[in-house]
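Per numbering that gives the first Met the number 0, residue 0 is the first one in the sequence shown, and the count goes up by one each step.
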Amino acid sequence: MRKQFQLIALLAILSLSYCLYSKDSDIPSLKKRLHFDEKGEFKIIQFTDLHFGETDLKDLLSVSLMNYLIQMYHPNFATLTGDMVSGYAWDNTTTFYQRNWKKYTSPFTLNNLSYSIILGNHDDQANLNRTQIMDLDMTNPFSYSNKSVPGLPEGSNYYLTIYENATSNVPKAMLWFLDSHDHECEDDTDSWGCISRIQVEWFENEISKMNKQYDNLLHIAFYHIPLPEYVILYNNYKVYGTKGESVGCPSINTGFFQTMKDNNVRAGFCGHDHINDYGGFMEGVELVYGRKTGFGCYGPQQDVMRGARLLHLNLQGNLTPTLYHEVLQADGTNKQNGEATYRQDKDEGCINTLNIQYPDTQPKFKRRAEL
Ligand SMILES: *[C@@H]1O[C@H](CO)[C@@H](O)[C@H](O)[C@H]1NC(C)=O
Ligand SMILES: *[C@@H]1O[C@H](CO)[C@@H](O)[C@H](O)[C@H]1NC(C)=O
Ligand SMILES: *[C@@H]1O[C@H](CO)[C@@H](O)[C@H](O)[C@H]1NC(C)=O
Ligand SMILES: *[C@@H]1O[C@H](CO)[C@@H](O)[C@H](O)[C@H]1NC(C)=O
Ligand SMILES: *[C@@H]1O[C@H](CO)[C@@H](O)[C@H](O)[C@H]1NC(C)=O
Numbered sequence: 000m001r002k003q004f005q006l007i008a009l010l011a012i013l014s015l016s017y018c019l020y021s022k023d024s025d026i027p028s029l030k031k032r033l034h035f036d037e038k039g040e041f042k043i044i045q046f047t048d049l050h051f052g053e054t055d056l057k058d059l060l061s062v063s064l065m066n067y068l069i070q071m072y073h074p075n076f077a078t079l080t081g082d083m084v085s086g087y088a089w090d091n092t093t094t095f096y097q098r099n100w101k102k103y104t105s106p107f108t109l110n111n112l113s114y115s116i117i118l119g120n121h122d123d124q125a126n127l128n129r130t131q132i133m134d135l136d137m138t139n140p141f142s143y144s145n146k147s148v149p150g151l152p153e154g155s156n157y158y159l160t161i162y163e164n165a166t167s168n169v170p171k172a173m174l175w176f177l178d179s180h181d182h183e184c185e186d187d188t189d190s191w192g193c194i195s196r197i198q199v200e201w202f203e204n205e206i207s208k209m210n211k212q213y214d215n216l217l218h219i220a221f222y223h224i225p226l227p228e229y230v231i232l233y234n235n236y237k238v239y240g241t242k243g244e245s246v247g248c249p250s251i252n253t254g255f256f257q258t259m260k261d262n263n264v265r266a267g268f269c270g271h272d273h274i275n276d277y278g279g280f281m282e283g284v285e286l287v288y289g290r291k292t293g294f295g296c297y298g299p300q301q302d303v304m305r306g307a308r309l310l311h312l313n314l315q316g317n318l319t320p321t322l323y324h325e326v327l328q329a330d331g332t333n334k335q336n337g338e339a340t341y342r343q344d345k346d347e348g349c350i351n352t353l354n355i356q357y358p359d360t361q362p363k364f365k366r367r368a369e370l
């Protein structure tokens with residue numbers, strides 16, 4: 000019944016979305032400061048693991064789902080936490096990424112929605128490298144993406160400031176975007192990618208500057224690959240949500256979690272593991288998975304709908320803005336995270352035991368994290 004409703008809802012907007020795929024943006028840059036709205040709210044929709052580029056039908060369904068949730072929930076901002084494109088499905092053309100980028104950004108162009116991206120491990124496996132993808136995305140007038148500062152690894156490392164209101168110069172929230180790369184962490188080539196130590200240093204530098212200058216900032220971090228602490232969280236703390244696969248984290252702990260904790264980051268959001276959408280608090284920091292959005296690749300779990308996560312940021316006078324979040328599902332319903340509980344099963348600790356058969360690559364990494 001639910002499945003039927005979901006399909007009808009998607010089909011209802013197919014035709015509209017499809018013809019807007021190729022709409023060229025001749026709109027001048029619309030970039031202005033991000034700020035809390037008149038109600039003191041700022042809502043961010045997190046789409047993750049879209050995996051465009053496998054089949055036209057899957058892409059069409061993914062675009063439709065994005066449009067549906069955007070039009071239903073009216074977020075102020077959207078963020079894509081990696082693997083927007085299945086680079087392993089590359090058809091060897093020199094326009095593969097560009098064509099798929101047009102598709103996955105069409106919901107933002109269509110709905111006048113500001114957005115930003117970070118890269119996953121599959122995005123740069125086709126015809127564009129990390130810098131080229133970021134350069135491409137920054138041409139969209141609705142994009143707030145930015146490239147790494149010189150000296151950092153190439154890719155998507157940047158932050159965005161959300162101001163108190165349309166005219167105030169007081170920052171109230173900071174969104175931190177960190178690139179967790181592909182398959183390599185520091186000098187370990189046999190690991191999932193990570194936020195490297197040099198990025199952690201940059202982050203620590205920038206965030207401590209902001210904290211010295213401003214009181215009561217709400218900090219939120221986004222990255223594609225989960226931190227090793229997602230394992231510790233699951234094994235030792237109360238969590239909500241679903242865990243359907245082992246955590247695909249890097250073999251080395253580069254200290255990003257510790258730095259988040261030391262600098263009052265409220266929460267971190269990742270993607271990468273399509274059938275995990277759990278989250279919970281560890282030492283005051285909430286670590287969260289997004290909900291798998293795209294129709295490409297595997298997941299989510301059979302009894303779980305595709306969707307997105309909606310983050311509600313709310314101003315609290317002169318206090319730190321609050322954050323709560325929920326899952327938006329493909330049938331249009333929103334699902335609260337529910338009560339967090341201790342789980343019986345344990346994750347083995349940054350061992351990728353996935354048996355995903357990618358068309359061209361079969362990454363199999365089996366390394367124990369140095370937790
Ligand atoms: C792309 O090129 C490689 C190397 O020539 C080839 O092995 C592969 O089959 C090609 N892929 C497609 C989809 O044509
Ligand atoms: C987007 O903005 C344009 C230009 O301001 C406007 O004409 C259009 O109606 C807007 N579309 C939506 C869905 O808000
Ligand atoms: C990415 O491509 C650009 C343009 O071809 C090149 O200048 C840059 O060095 C490339 N980056 C990497 C990491 O290969
Ligand atoms: C992009 O990042 C650079 C620092 O690398 C910064 O100077 C610039 O203002 C940022 N651009 C935007 C649009 O945020
Ligand atoms: C924005 O915030 C400033 C500082 O709190 C306040 O003086 C101003 O009235 C606010 N403007 C609006 C449009 O709410």
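Ideal Cβ positions, reconstructed from N, Cα and C, are used throughout, including at glycine. Predicted, not measured: the structure shown is a model, and the values here were computed from it.
Could you give the first and the last residue of the continuous beta strand (DSSP E) run that contains residue i?
{"i": "L159", "result": "157-162"}
{"i": "M281", "result": "278-281"}
{"i": "N313", "result": "306-315"}
{"i": "Q328", "result": "318-328"}
{"i": "K42", "result": "40-46"}
{"i": "F76", "result": "76-80"}
{"i": "Y114", "result": "114-117"}
{"i": "E390", "result": "This structure gives no information on residue 390, because the portion of the chain shown stretches from 0 to 370."}
{"i": "L217", "result": "217-221"}
{"i": "F268", "result": "264-269"}
Pick from the options: whose alpha carbon is nearest that of residue i?
{"i": "P249", "options": "C184, M281, G278, A266", "result": "C184"}
{"i": "Q97", "options": "P299, T108, V84", "result": "V84"}
{"i": "Y87", "options": "L68, W100, D123, M65", "result": "D123"}
{"i": "G39", "options": "S167, F46, L314, T340", "result": "L314"}
{"i": "H223", "options": "D181, A125, E244", "result": "D181"}
{"i": "Y277", "options": "P320, E325, V264, M137", "result": "E325"}
{"i": "K334", "options": "R305, T321, L118", "result": "R305"}
{"i": "N168", "options": "P149, V284, F35", "result": "F35"}
{"i": "G331", "options": "L33, Q70, L60, K42", "result": "Q70"}
{"i": "T166", "options": "E37, G348, N336", "result": "E37"}
{"i": "W89", "options": "Y143, L127, N110, S195", "result": "L127"}
{"i": "W191", "options": "N262, V303, G247, N336", "result": "G247"}
{"i": "A77", "options": "A307, C349, G337", "result": "A307"}
{"i": "F176", "options": "S195, I116, L112, P149", "result": "I116"}
{"i": "E205", "options": "P227, L174, C193", "result": "L174"}
{"i": "K345", "options": "I44, P227, T93, S245", "result": "S245"}
Starting from residue i and walking both ways along the alpha helix (DSSP H), at which residues does that stretch end?
{"i": "S167", "result": "No alpha helix (DSSP H) holds S167; DSSP gives it neither H nor E."}
{"i": "N394", "result": "For the chain, the structure presents residues 0 to 370; residue 394 sits outside this window and is missing."}
{"i": "Y233", "result": "228-235"}
{"i": "R129", "result": "129-136"}
{"i": "R196", "result": "196-212"}
{"i": "I69", "result": "55-72"}
{"i": "T456", "result": "Because the chain spans 0 through 370 in this model, residue 456 falls outside it and cannot be assessed."}
Please report how far the alpha carbon of residue i lies from the alpha carbon of residue j, in whole angstroms.
{"i": "G279", "j": "Y229", "result": "9 Å"}
{"i": "P74", "j": "G289", "result": "16 Å"}
{"i": "L79", "j": "Q343", "result": "32 Å"}
{"i": "K31", "j": "Y341", "result": "44 Å"}
{"i": "H273", "j": "N164", "result": "36 Å"}
{"i": "P225", "j": "N275", "result": "11 Å"}
{"i": "Q301", "j": "K242", "result": "12 Å"}
{"i": "A329", "j": "F46", "result": "12 Å"}
{"i": "T258", "j": "P170", "result": "21 Å"}
{"i": "A339", "j": "G240", "result": "8 Å"}
{"i": "I231", "j": "G267", "result": "15 Å"}
{"i": "Y114", "j": "Y67", "result": "16 Å"}
{"i": "M281", "j": "N252", "result": "16 Å"}
{"i": "D136", "j": "S147", "result": "14 Å"}
{"i": "A125", "j": "F95", "result": "7 Å"}
{"i": "H311", "j": "E285", "result": "14 Å"}
{"i": "P106", "j": "L64", "result": "9 Å"}
{"i": "Y72", "j": "I194", "result": "31 Å"}
{"i": "T93", "j": "N210", "result": "44 Å"}
Under a Cβ-count criterion, where at least 16 other Cβ atoms within 10 Å of its own Cβ denotes burial, should residue i be classed as buried or exposed?
{"i": "D58", "result": "buried"}
{"i": "P299", "result": "buried"}
{"i": "L56", "result": "exposed"}
{"i": "S207", "result": "exposed"}
{"i": "K102", "result": "buried"}
{"i": "T108", "result": "buried"}
{"i": "Y323", "result": "exposed"}
{"i": "T138", "result": "exposed"}
{"i": "T104", "result": "buried"}
Is there contact between the stretch 43-50 and the stretch 286-299, where contact requires at least three CB pairs shorter than 8 Å?
yes
Check whether the stretch 234-244 and the stretch 171-188 touch, using three or more Cβ-Cβ pairs below 8 Å as the test.
no
Contact between the stretch 117-135 and the stretch 150-162 is defined here as three or more beta-carbon pairs at a separation below 8 Å; is this criterion met?
yes
Would you check if the stretch 210-222 and the stretch 302-321 touch, i.e. whether three or more CB-CB distances between them fall below 8 Å?
yes
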